[in-house]
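Each remark here refers to the structure printed beneath this line.
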Amino acid sequence: MFTIISYDIVNDKRRTKVMKLLKGYGQRVQYSVFECQLNPTELINLTRQLLALIDRNTDSIRCYRLDADAVQRIAIYGIGRVTTEPTHWLV
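Sequential numbering from 483 applies to the sequence shown in my numbering.
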């Protein structure tokens, strides 16, 4: 399912680790926003890894799961486009 993940991490080292982790799952579309195509298992695995990296008292991660109809209603003003290609293939 199309998933938008945003984060606000106060510590530089943790923020870099979160960013590198998310690069393996999706496309960075803004400084702290990623678009990902995740199946339920991938979401569970990613969530576990993110929770292990952040400080829940100071950091914030938001995951927005969008169905196909909601993705069609995304409006982008200025440069950019909705990420529609998978970020990885299983061969």
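All residues carry an ideal CB built from backbone N, CA and C; glycine is no exception.
- At a Cβ-Cβ threshold of 8 Å, Thr565 and Gly508 count as neighbours.
- Around the Cβ of Ile543, a 10 Å sphere holds 16 or more other Cβ atoms; the residue is buried.
- Contact fails between the region 548–565 and the region 488–500, because fewer than three Cβ pairs, one in each stretch, are under 8 Å apart.
- Residue range 494–505 is occupied by the alpha helix (DSSP H) that includes Arg497.
- Taken atom to atom, the span from the alpha-carbon of Ile526 to that of Gly562 is near 28 Å.
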